[in-house]
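**Q** Residue numbers for the sequence shown follow my numbering, so the first one is 1 and each next one is one higher. Beta carbons are placed, not taken as given, at the ideal position from N, Cα and C, and that holds for glycine. Keep in mind that this is a model prediction, so the values were computed, not measured. Submitted below is the structure of interest, expressed as C-alpha cells.
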Amino acid sequence: MTRTMNAPKAPREAGIELGRIYCCFCVVLIHLNAFFPAYPAVSLTWSLAKCASTPVFFLIAGFFFGADKPFALYMKRIISRVIIPMIIIMLVIAQLTPWLAGQGGFSECLKRIHFENIILVGRILITTWPYDYLPDYNPFLSLWFSFALFLCYLCFPVLKIICADNEKSRKLKRYLLWLGGIFFVFRVTLLCIFPDSFTVQHLDWWIEEKPFYWLWLMLVGHELARHFKNPDFLAKWRKILLPSSFMAYVSGGLILYVLTMKFNVDEYGLVNQRYYVREFFFYIFAQMGMFIFFCSLNPGRGLLSRIILFVADKTFYIYIIHEAVYIKLLAVTGYDLTILPNYLTFAVLTFMIALGFGTVFKKTEKTVAGYLKNLLTERPQGG
C-alpha cells in the first residue's frame with residue numbers, strides 16, 4: 001500500500017522498515033565496487049555492508065508473510081509492486097541508455113525509440129538473466145533479486161502449509177529450519193575439503209543461487225516474527241537483544257573482513273568474488289544479528305516513524321534505479337571512492353537521488369493503480 005507523509009500509520013513495524021532502509025543503503029555501498037584491500041577502511045565498511053544486503057530482504061519478507069492470506073493476493077502484489085514497476089523502469093533506462101552511458105545527449109534519447117536496447121531488456125525478462133545488456137554498461141545487474149523474489153512467491157502455497165498456525169505445521173517448520181542449518185554446515189565442509197571440485201562447486205551454485213537458501217531465510221524470518229510480534233517478549237528481552245544483536249552484527253562483519261583479507265585476495269590485490277566459504281557461518285551470524293537488532297527497535301509512532309515508513313515504501317524503486325544513478329553520477333562527479341568519506345558521501349548522494357526518482361515512480365504507480373481499480377469496479381448506472 002502506498003503511503004504519504006500525512007497518511008495514518010499502518011500497523012507495520014517501523015523498526016523492521018528502518019532495517020529495510022539500512023539494507024537498501026548497504027546494497028548501494030556494495031554495488032559501488034569499492035572493495036579494495038589496499039584501503040582497509042573502505043574494505044571494512046564494504047564487509048559490514050555485505051552482511052546487511054539482499055539476503056536480509058528475504059528475512060523481512062518472511063517476517064511479514066501471513067499464511068492466512070490468499071495466494072492470489074500475494075501474486076497480485078508482486079505483479080503490481082515488483083514486476084510491472086521493474087519493467088517500466090527497465091524500459092525507461094533502455095531508452096535513456098545513450099545519455100546514461102555517456103554516449104550521447106539527453107535530447108538525442110527523445111528523438112527516436114531505441115529498439116535495440118528494448119530488445120535486450122526483453123531478453124533479460126525472458127531469460128531472467130540480468131547480466132547481458134551492453135558490454136560496457138549494465139545497470140541491471142542487481143535485478144537478480146527481483147527474479148528470485150518472484151520465484152519465491154510462486155512457492156507461497158507451500159509456505160502457507162508450512163507456516164500455518166497449527167502444531168503439525170510448526171513441527172514441520174522447525175524440522176526444515178534445522179535441516180537447512182545442517183545442510184549449510186555440510187555445504188561449507190565440502191567446499192573447504194574440495195575447493196577445486198566441479199561437482200561440489202555445481203552443488204554449491206544450486207544451494208546459493210536457487211530458492212533453497214532464500215526460502216530457508218523466509219522461514220527463519222517467519223519464525224522470528226512469532227516472537228518479535230509479541231509485545232511481552234519485546235518488553236522482557238529488548239534491553240538485552242539490542243546491544244547483543246548489534247555486537248553480533250559488528251563482530252561477524254569484522255571476522256568476515258579479516259578472513260576475506262586472508263583467504264580471498266588474489267596476487268593482484270583484488271578480492272576473489274567467491275565469498276563466504278569458511279566465512280559463511282560468520283556471514284549468517286552477522287545477518288541474523290543485524291536483523292534481530294532492527295526487530296528489537298522501537299522508533300515509536302511519531303514523526304520519525306512516519307519518515308521511516310515513507311522512505312521504506314520507496315526502497316524497491318531505489319534498489320532497481322540506483323545502479324543507473326551511480327554510474328551516471330560517478331562519471332559526472334569523478335568521486336575518488338578509495339577515500340572513506342568520499343565513499344560514504346557518494347553512497348548517500350546516490351541513495352537520495354534514487355529516492356527522489358522512486359517517489360515520483362511510486363506516485364505514478366499509485367495513480368495508475370487507483371485508475372485501474374476505479375475502472376474495474378465501475379458499474380453502469382440507471383436501469
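1. To the nearest whole angstrom, what separates the beta carbons of GLY252 and GLY302, a pair I think is in contact under 8 Å?
2. Please classify TYR317: does DSSP put it in a helix, a strand, or coil?
3. Is LEU134 helix, strand or coil when you go by DSSP?
4. Rounded C-beta distance between ALA94 and VAL121? I'm assuming under 8 Å.
5. Can you give the beta carbon distance from VAL220 to LEU59, rounded, assuming they're within the 8 Å contact cut?
6. Determine the contact status of PRO139 and GLU365, defining contact as a CB-CB distance below 8 Å.
7. Just the C-alpha distance for PRO98 and ILE327, rounded to the nearest angstrom, thanks.
8. Roughly how many angstroms separate the alpha carbons of VAL250 and TYR343, rounded to a whole number?
9. Between CYS26 and ALA52, what straight-line distance do the alpha-carbon atoms span, to the nearest angstrom?
10. In the DSSP output, which residue or residues are listed as bridge partners for VAL265?
11. Can you round the beta-carbon distance between LEU337 and PHE346 to whole angstroms, since I take them to be within the 8 Å contact cut?
12. Where do the ends of the alpha helix (DSSP H) carrying PRO55 lie?
13. VAL28 and HIS227: beta carbons closer than 8 Å?
14. Just to confirm the assignment, what range does the alpha helix (DSSP H) spanning GLY122 have?
15. Let me see if you follow: with CB-CB separation under 8 Å, is MET352 close to chain B or not?
16. Alpha carbon to alpha carbon, how far is LEU179 from ASN166?
17. Could you give the distance in angstroms between the alpha-carbon of PHE156 and the alpha-carbon of PHE65?
18. How many Å lie between PHE63 and PHE194 at the Cα?
**A** This is what the structure holds:
1. By 1-based counting over the sequence shown, the position of residue 252 is 252. By 1-based counting over the sequence shown, the position of residue 302 is 302. Contact between GLY252 and GLY302 does not hold, since their C-beta atoms are separated by about 32 Å, which reaches or exceeds 8 Å.
2. Taking the sequence shown and counting its residues from 1, one reaches residue 317 at position 317. Helix, per DSSP.
3. Stepping through the sequence shown from its first residue, residue 134 is reached at position 134. Strand, per DSSP.
4. The count along the sequence shown starts at 1 and reaches residue 94 at position 94. The count along the sequence shown starts at 1 and reaches residue 121 at position 121. Between ALA94 and VAL121 the beta-carbon gap is near 5 Å, inside 8 Å, which marks them as a contact.
5. On the sequence shown, residue 220 is found 220 positions in, with the first residue counted as 1. On the sequence shown, residue 59 is found 59 positions in, with the first residue counted as 1. 6 Å between Cβ atoms; contact.
6. Residue mapping note: residue 139 aligns to position 139 of the sequence shown, counting from 1. Residue mapping note: residue 365 aligns to position 365 of the sequence shown, counting from 1. Here PRO139 is not near GLU365, since their CB atoms are 8 Å or more apart.
7. As a working note, residue 98 is residue 98 in the sequence shown. As a working note, residue 327 is residue 327 in the sequence shown. In this model, PRO98 and ILE327 are separated by some 13 Å (Cα to Cα).
8. Residue 250 sits at position 250 when you count from the first residue of the sequence shown. Residue 343 sits at position 343 when you count from the first residue of the sequence shown. Per the coordinates, the alpha-carbon of VAL250 lies some 19 Å from the alpha-carbon of TYR343.
9. The residue labelled residue 26 in the question sits at position 26 within the sequence shown. The residue labelled residue 52 in the question sits at position 52 within the sequence shown. Looking at the two C-alpha atoms, the distance is approximately 6 Å.
10. Sequence index remark: in the sequence shown, residue 265 carries index 265 (1-based). Per DSSP, the beta-bridge partners of VAL265 are VAL271.
11. Mapped onto the sequence shown, residue 337 falls at position 337. Mapped onto the sequence shown, residue 346 falls at position 346. The beta carbons of LEU337 and PHE346 sit about 6 Å from each other, so the pair counts as a contact at 8 Å.
12. Sequence index remark: in the sequence shown, residue 55 carries index 55 (1-based). First-last of the alpha helix (DSSP H) with PRO55: 54-64.
13. What you label residue 28 is simply residue 28 of the sequence shown in a count that begins at 1. What you label residue 227 is simply residue 227 of the sequence shown in a count that begins at 1. Against a cut-off of 8 Å, the Cβ pair of HIS227 and VAL28 comes out as no contact.
14. What you label residue 122 is simply residue 122 of the sequence shown in a count that begins at 1. Boundaries of the alpha helix (DSSP H) harbouring GLY122: 115-127, taken from the DSSP string.
15. Of the protein chains in this structure there is only one, and it is not chain B.
16. Taking the first residue of the sequence shown as position 1, residue 179 is located at position 179. Taking the first residue of the sequence shown as position 1, residue 166 is located at position 166. Approximately 20 Å, taken between the alpha carbons.
17. The residue given as residue 156 occupies position 156 in the sequence shown. The residue given as residue 65 occupies position 65 in the sequence shown. Roughly 9 Å separates the two Cα atoms.
18. The residue given as residue 63 occupies position 63 in the sequence shown. The residue given as residue 194 occupies position 194 in the sequence shown. Whole-angstrom Cα-Cα distance: 36 Å.
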